[in-house]
Amino acid sequence: MVKNFLQSKVDELRRKKSAVVLLSGGLDSYVSFAVAKEYYDVKLVLTFDYGQRAANDEISASAKMCDKYGVEHCVVKLPFLAEISKIAGCALNDKDKELEFEKLDKESMKAVWVPNRNGLFLNVAASYCDAYNYDCIVFGANKEEAGTFSDNSTKFCKMADSFFMYSTNKHPKVFAPLMNMEKHRIIDFAVNLGVDLSLLKSCYNAKDDNESYKNHCGVCESCKRLKNAILKSSNKDLIKLFF
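In case it helps, our numbering puts the sequence shown at residues 6 to 248.
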């Protein structure tokens, strides 16, 4: 299924010459980056610092990924989004808020919702495309998170394409290669593709020196999704890398 899905995109991808990748250092954006390197001339990778508690970890992980693939890495600071997130009560930007959840549902989603985050990220990337004449924005949206996060959905990506027809002269297209995949499928796909998953940083918590966990806390929403995906995948031994 994965092979057929990607094959259906080959003709479209070959028509594209250049791309900007949105990279947080997490599973979905990293694997999307790896796919993009197979088909595009990836010109630039953008990582965003919007005051999230794990910003330094995300930036560090993303920088290592860019070094591995030999692509320019740019960190975009969005201090106004940090302030807005705090006003909205987002736990990602407030260390006093709890990030441990018993289950993944609408409530856990609301706790980590950053107002218009992906919409803003895509628009920033579109500005780079417009200025530098790049063709495409690669984005780590996926089927699993689309179930709870509306800005991971196919409809969201199509609407972004439509909007850029009017807000840019270049009209870049949004490409989300993992859009039809659940996270456990993404794990297996990444292994088959030869992606070095040891570089991943999918934790919402910043790791302090006095904390005992390996490199992922195991209790935040992102960690729980990663853990569930690994245990459901055909590569369960990967669990030892992170938890």
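Glycine is no exception: its CB is placed at the ideal position from the N, C-alpha and C atoms.
Owing to the predicted nature of the structure, the values given are computational and were not obtained by experimental measurement.
How many Å lie between residue i and residue j at the Cα?
i                 : j                 : result
asparagine 138    : lysine 160        : 25 Å
asparagine 239    : leucine 183       : Residue identity check: residue 239 is serine in the sequence provided, not asparagine. Distance between the alpha carbons of serine 239 and leucine 183 is about 18 Å.
tyrosine 44       : proline 120       : 32 Å
lysine 245        : valine 196        : 15 Å
serine 203        : asparagine 233    : 17 Å
phenylalanine 144 : phenylalanine 180 : 6 Å
asparagine 157    : alanine 146       : 5 Å
lysine 178        : alanine 60        : 27 Å
alanine 66        : glycine 30        : 5 Å
histidine 78      : lysine 237        : 32 Å
cysteine 162      : phenylalanine 247 : 30 Å
alanine 39        : asparagine 185    : 17 Å
lysine 102        : lysine 22         : 43 Å
lysine 256        : aspartate 201     : Here the chain comprises residues numbered 6 to 248, so residue 256 is not present and cannot be evaluated.
glutamine 57      : methionine 114    : 15 Å
glutamate 149     : glutamate 187     : 5 Å
glutamate 133     : valine 36         : Note that residue 133 is tyrosine in the sequence shown here, rather than glutamate. Using only the alpha carbons, I get a separation of about 22 Å.
valine 117        : threonine 153     : 11 Å
cysteine 222      : methionine 164    : 35 Å
serine 155        : isoleucine 235    : 24 Å
leucine 243       : leucine 231       : 10 Å
lysine 241        : lysine 175        : 43 Å
tyrosine 74       : phenylalanine 53  : 19 Å
alanine 87        : isoleucine 64     : 16 Å
phenylalanine 85  : glycine 199       : 38 Å
valine 76         : leucine 97        : 28 Å
serine 34         : cysteine 95       : 21 Å
Quick one: what's residue i bridged to in DSSP?
i            : result
lysine 69    : DSSP lists no partner for lysine 69.
cysteine 134 : Note: cysteine 134 sits in no beta bridge, so no partner.
lysine 82    : Asp54
With residue i and residue j assumed to form a contact (beta carbons below 8 Å), what rounded beta-carbon distance in angstroms separates them?
i             : j              : result
tyrosine 55   : leucine 83     : 4 Å
alanine 151   : isoleucine 142 : So it is not a contact: roughly 17 Å between Cβ atoms.
aspartate 140 : threonine 173  : Rounded, the Cβ-Cβ distance is 11 Å, inconsistent with contact.
aspartate 99  : alanine 211    : No, aspartate 99 and alanine 211 are not in contact; Cβ-Cβ is about 13 Å, not under 8 Å.
valine 80     : valine 129     : 12 Å between Cβ atoms; not a contact.
| query | Below 8 Å, can you find three or more Cβ-Cβ pairs linking the segment 25-33 to the segment 45-59? | reply | Verdict: yes, contact present.
task = Could you tell me whether the segment 218-229 touches the segment 177-196, using the rule of 3 or more Cβ pairs below 8 Å?
result = no
### Task
Just list the alpha helix (DSSP H) runs in the segment 214-248, keeping only unbroken ones of 4 residues or longer that don't cross its boundaries, in chain order.
Segments of the alpha helix (DSSP H) lying fully in the segment 214-248: 226-237, 244-247.
task = Could you say if the segment 164-174 and the segment 205-212 meet the contact criterion of at least three C-beta pairs nearer than 8 Å?
result = Contact between the segment 164-174 and the segment 205-212 is absent, because fewer than three Cβ pairs lie under 8 Å.
Handout entry: Stretch pair the segment 124-135 + the segment 65-74: three plus CB contacts closer than 8 Å
Key = Result no; under three Cβ-Cβ pairs closer than 8 Å.
Taking only runs that begin and end inside the segment 139-168, name each unbroken alpha helix (DSSP H) of 4 or more residues, in chain order.
148-151
- Query: Can at least three beta-carbon pairs, one atom from the segment 84-93 and one from the segment 225-232, be found at a separation below 8 Å?
  - Reply: no
Fully enclosed by the segment 22-77, which alpha helix (DSSP H) runs are 4 residues long or longer? 32-44, 60-74
Problem - Segments assigned beta strand (DSSP E), at least 3 residues, entirely inside the segment 164-203 - result: 178-180
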